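Working notes for the structure below.
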Amino acid sequence: MKKPKKSKRFEYNLKVVLKVREIYEKLEKEKFAEAQRKYREELEREQKMKDYEMQQQRTLKSGLQGSIDFASIMHRQNFLKKYKQDVVEQENKTKEADQHKEEQRERLVKSMKDRKILEKDREHKKDAWKRLMDREATKFLDEIATAKHFQKMTERKLDEAKRSAS
């Protein structure tokens, strides 16, 4: 780690990188929110399709109990088979959306970690800078105190020399 420099204000040398990481994290949050929204839409669409399929199966069963129209029953049976395939396709779309959401979550977590690492580094460097500035202030005050002490010593010696001369 580089030694901190003396300056009036703390200046973080990776400020631009930190700003870029913050922007990147914000973009990843937006992408994750979009992936979540898309997953919820696909899940809702899947649930509606399954509900509709169940309703059609109940209708088919009730049709079997009443008057039997073989063509109508076969037509409904074929429709349900095709609709079942559509439901399976929708389940696959939902799984893909869930996978995409999880991948996006991982990217978001990584970007958050990257930003937090830089923030910790900034805090450590700021603490080191504060310690340096405190040492410099203490050193300056010590120099002033030492100078005052020597000034008083020389004044005392001059006074003593004047007294002994008189």
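Take 3 as the starting number for the sequence shown in the working numbering and just add one per residue.
Cβ coordinates follow ideal geometry from the N, Cα and C atoms, glycine included.
For clarity, every value in this text was computed on a predicted model and none was experimentally measured.
Notebook entry, point to check: Are the Cβ atoms of L20 and E121 separated by less than 8 Å?
Noted result: yes
Checklist line | Contact belief for E44 with K86 at Cβ below 8 Å, rounded distance in angstroms | finding: Going by Cβ atoms, the distance from E44 to K86 rounds to 18 Å, so no, they are not a contact pair.
Margin query: Using only the alpha-carbon positions, how far apart do E162 and K132 sit?
Written below: Rounded to the nearest angstrom, the two C-alpha atoms are 44 Å apart.
Checklist line | CA-to-CA distance, E48 to E98, given in whole angstroms | finding: 13 Å
Note to self: Between which residues of its own chain and K52 is the CB-CB distance below 8 Å, once the five residues before and five after are set aside?
What the structure shows: V89
Item checked: Unbroken alpha helix (DSSP H) run spanning L134, endpoints -> F72 to A167
Check: Does DSSP put R11 in a helix, in a strand, or in coil?
Finding: Here R11 sits in coil by DSSP.
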